Amino acid sequence: MRGLAFCSVALTASAANAENVQFNSAFLPEDSRHLDLSAYQSGNPVLPGRYRADVMLNGQLTTRQDVRIDANSDGSNPVVCVTRELLELLGVDVGRVSTLPKGEQAGRCASLGTLIESASATFTPESQLLEISIPQAAMRRNARGHVGPELWNRGVTAGMLSYNLNTSHNTTRSGNFSSAYLGLDGGFNLGGWRLRHSGAMSWQPRAGSQYHALNTYVQRDVTSLKSQLTLGQANTSGEIFDTLAYNGAQLASDDRMLPDSMRGYAPVIRGIARTNARVTIRQSGNVLLETTVAPGAFVINDLYPTGYGGDLNVTVSEADGSQQIFVVPYASVSQLLRPGTMRFSLTGGQTRNNFVDKQSSLLQGTFQYGLNNNFTAYGGVQASDAYRSFLAGLAFGTPIGAVALDLTHAQTELLAGPSKGQSMRVSYSKNILSTGSNFALAACRYSTKGFLDFSNAMQQLDAAKRGYDVNQLSRPRSRLSLSVDQSLGTWGQIAISGYTQDYWNRSGTDVQYQASYSKQVGRLSFGISANRSRSGHGDMMNRVLLTMSIPLGALGEGPQLTAQAGRDPYGKTNQQATLSGTAGEDRQYGYGATFGRDGAGKLSTALNGQYTGPSAMLIGSLGRGDGYRSASFGMSGTVVAHPGGVTLTPYRGETIAVIKAQGAQGAKVVGYPGLRLDASGHAVVPYLRPYELNEVAIDPVGTSMNVELGETSQQVAPRAGAVVYLKYGTRSGRALLLNVRLDDGSPLPFGANVVGEDGNTVGVAGQGGQLYVRVKEDTRQLVVSWGNQARQRCTLALPALAQQAEHSAQNNHNDQNARNGQSGLLKLDSTCSASQRFANATAVTPDKK
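Once you know that position 309 of the sequence shown is 780 in the working numbering, the rest is easy, because the numbers rise by one and skip nothing.
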């Protein structure tokens, strides 16, 4: 059945009404009244062959495919052949398609309307558009945003390496301090398998260099289960239990394989830096990110997700040697799923816990299922050598928000005897669009003293084996976290977040909360934020920051001036003023200058710069203050090895596309400022959405006038982690505008057909003998015909195009194209010789623009 093709007649209303139209030759130029224009009597003709077309289904653009056009036996009404595979890609329920013609009719293209009632397909050659109309009754019942697995592209064999290098050097009264950090994310794709490795190397003069491997695993899609199979060192998702690092195997659902309307999180890191500071983000002792930030408030919102549970520890290392440390809660939210939707995971292997000497075995399974519109049941099991835990829960929607309630029973076989306990967890979330309110509340209370979660149990078992006092390890008792965002309309926006936690075996409470208010008045934006934290019996630490900013250019463009005033935990105030902005085409340059004064009246300055080049992103900073000097440099990007070679890009991404357009170097990639095709015609497009249709488009502005793109946009639905290779057709050659006359001085007949040396049509003569064609540099002649008789044919000799182009560029040194090394459209006066005498053609100066 796969080799069969369904075909439909491509008829437009205008074409149907023009079947009996006869052209009046009196309206044609006198020398063209003998031309055979019968092909135009039924509308714009479509010649048989293969065409690259955008496919529009029921008014919505869905994909781009090669289509075949056939002609009927009587030579009228071209036929669009629609393959069975295309109908499946479009979501047609092929089981509803009528029986194909048999016998003598089997080899002919049948109208789509005879296969599916009221269906039609129309091909428009001018726009290369195939419009298909199919009744909804003949379509499969798919959710909105559905992209079938048959469209998922696993990509090509490729390797990639993303890097993030950051170095810093600080000089203080107590001495010098230097450090360097290199984060690496590498991978190799072969067939359906993906090898991934992520790690980080840190260096300090005294400690030397250390490399920490975070994850190393191979992974592939299990399409039938809409899940991922992972083998090696990775992390559990953290949807039911907290995230655990393991070495083993995991089969887990991937919600990205569901339509976006059926999908049911890394947090944003906010903080305040006084100087050019180094920010390090850790989870379970692993460094997830280290970067340099400018003085003032900072936001980090591009963390790679590592699961839904496990707090993030943030360290802000200031240039003067001081540090501030805070915790960002990272907990799962309500577990509600759509009715009939299932999510599962099964993990087996060994733990990878940085806080224990000896690792333990790990077996974990989780399951969630949407019972109906209001209830979702979920549960999970964790087991190790001396640990067992069972979790059961129910999530439900209420008029006042979504709630998830679960109970966990755990038993740990400690050396001193078994420890049993239960923990109850409640989570709540609510988003009120009408009032702009968003609430997220997660409360977890360890209701009995004997309860230990998996990580705490492994640490206590390890400490007991080494002879340490297990009571020195904190055992959480209760915890409450809150996050609220509220829009005040014209009055601004407020946000509050925080958490509190106490313990069974020690007094004191950890407290941390943040509050902020922001508003814009005309072009002026201002905001105030406060941070309050305490760890155990430590002193309460308070920070307050007031910020105001205004653009200095018209219409919000140009540099931005920002003023800040803050109060540190010791009651001292400081002020800063920063001028920042972007420059260059596509804003590839970023700059900033900060001037500040601390609470003791000491002045400081800082300069920051960023450059986004075609191959990498560079950042640098310089700072100076009372008793210290600082300097830092950073570089990031990705190297991709693919079937077409090696390409560098400043961007990083899990799922990417490599564009190939031969000879189109300099073309822009739409949607990515500063990203252009390199000298080999390649570019790497990051951040593709897996299992969804992504449009990848290029803008020919900036390419040579000698290259013409056959297409500028393609759609692709990559699998997660895929490197898809997209080829864009190009035609290379000189663009010529010819003013052609016959030997007798008369213009070339209007509508005359022009054929190149390879026998393919390259153009049609216009009025006044003017002809536009694109030919290769070594083309020496064209054949022109305007009838079937011998005297209605001539040969057009072309000059040496390279010499003519050079001559044209020299005569037009003020022309913009000539300055770019692109001689542009070459105009020639030519004679078409019917007696095979090749007349010389001379170049004329192109019009200056």
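All residues carry an ideal CB built from backbone N, CA and C; glycine is no exception. None of the values given here were measured: they were computed from a predicted structure.
Helix or strand or just coil, what does DSSP make of W962? Helix, per DSSP.
Beta carbon of N1165, beta carbon of A1188: below 9 Å? In contact: N1165 and A1188 (Cβ atoms closer than 9 Å).
Rounded to the nearest angstrom, how far is the Cβ of N641 from that of Y1099, given a contact under 8 Å? Rounded, the Cβ-Cβ distance is 6 Å, consistent with contact.
If you compare alpha carbons, which of L876, V526, L783 is closest to I740? With distances taken between Cα atoms, I740 lies closest to L783.
Identify whether V941 lies in helix, strand or coil by the three-state DSSP scheme. If DSSP states are grouped into helix, strand and coil, V941 belongs with the helices.
Kindly indicate which three-state DSSP category L558 falls into: helix, strand or coil? Secondary structure of L558 (DSSP, three-state): helix.
DSSP beta-bridge partners of S816: In the DSSP assignment, S816 is bridged to A723, T837.
Taking DSSP as the reference, what is the three-state secondary structure of P620? Looking at P620 - three-state DSSP - the assignment turns out to be helix.
Mind checking who Q1046 pairs with in its DSSP beta bridge? A1036, R1068, per the DSSP bridge assignment.
Three-state secondary structure assigned by DSSP to A934: Three-state DSSP puts A934 in a helix.
Three Cβ pairs or more, each shorter than 8 Å: is that satisfied between the stretch 1241-1248 and the stretch 1194-1211? Touching, yes, given that three or more Cβ pairs across the two stretches are closer than 8 Å.
For the pair the stretch 1071-1081 and the stretch 592-599, tell me if three or more CB-CB distances fall below 8 Å. Not touching, per the Cβ criterion.
What number of angstroms, rounded off, separates the C-alpha of R1123 from the C-alpha of D1229? Across the structure, R1123 and D1229 are spaced so that their CA atoms are roughly 44 Å apart.
In terms of residues, what are the limits of the beta strand (DSSP E) holding M1012? Element bounds for M1012: 1012-1022.
E1056 (DSSP reduced to helix, strand or coil): Three-state DSSP puts E1056 in a helix.
In whole angstroms, give me the CA-to-CA distance for G868 and A935. Looking at the two C-alpha atoms, the distance is approximately 44 Å.
Among L653, R749, L696, which one has its Cα closest to the Cα of T812? Nearest option by C-alpha distance: L696.
Taking the alpha carbon of E588 as the reference point, which residue from W1257, P947, S793, A608 has its own alpha carbon closest? Checking every option, the nearest Cα to that of E588 belongs to A608.
DSSP three-state call for R521: helix, strand or coil? Under the three-state reduction of DSSP output, R521 falls in the strand class.
Given V764 as reference, the closest of S1092, Q991, C1265, N1224 once Cα atoms are compared: Nearest C-alpha to V764: S1092.
P1189 - containing beta strand (DSSP E), residue span: Per DSSP, P1189 belongs to the beta strand (DSSP E) from 1184-1189.
Name the residue from F797, Q839, R823, I796 whose alpha carbon lies nearest to the alpha carbon of F815. Checking every option, the nearest Cα to that of F815 belongs to Q839.
Please look up how many angstroms separate the CB atoms of L685 and N747, rounded, as I've assumed it's under 8 Å. That belief does not hold up - the Cβ atoms of L685 and N747 are roughly 26 Å apart, past 8 Å.
Taking the alpha carbon of G1152 as the reference point, which residue from Y1196, Q1186, D1215 has its own alpha carbon closest? Minimum Cα distance to G1152 is reached at Y1196.
Quick one: which unbroken alpha helix (DSSP H) runs of 4-plus residues sit fully inside the stretch 1142-1216? Chain order, please. Within the stretch 1142-1216, no complete alpha helix (DSSP H) run reaches 4 residues.
Measuring CA to CA, which of Y974, P1171, S989, T707 is closest to Q957? When only C-alpha atoms are compared, the closest one is S989.
Tell me the rounded alpha-carbon separation between Q1059 and Y1143. Rounded to the nearest angstrom, the gap between the Cα atoms of Q1059 and Y1143 is 11 Å.
Of the residues L1119, V550, G562, I540, which one's Cα is nearest the Cα of M527? Each of L1119, V550, G562, I540 was checked against the Cα of M527, and the nearest Cα belongs to G562.
Among Y849, Y858, M728, whose alpha-carbon lies nearest the alpha-carbon of L865? For L865, the closest C-alpha among the options Y849, Y858, M728 is that of Y849.
Quick one: residues in its chain with C-beta nearer than 7 Å to the C-beta of D1057, no 5 flanking neighbours on either side, listed in chain order? Excluding sequence neighbours, D1057 sits near P1144, G1145.
Whole-angstrom distance between P1171 and A629, CA atom to CA atom: Rounded to whole angstroms, the gap between the alpha carbons of A629 and P1171 is 26 Å.
Which listed residue (M1176, N1224, T1044, A1193) has its alpha carbon closest to that of G1204: Ranking the options by Cα distance to G1204, first place goes to M1176.
From the DSSP output, in three-state form, read off Q681 for me. Of the three classes helix, strand and coil, the one that applies to Q681 here is strand, per DSSP.
Got a sec, what are the start and stop residues for the beta strand (DSSP E) T1266 sits in? Start and end: 1264-1268.
Does I540 pass the burial test, meaning 16 or more other C-beta atoms within 10 Å, or should it be called exposed? Buried, by the Cβ-count rule.
D1249 to L1269, Cα distance in whole Å? Spanning the alpha carbons of D1249 and L1269 requires a straight line of approximately 10 Å.
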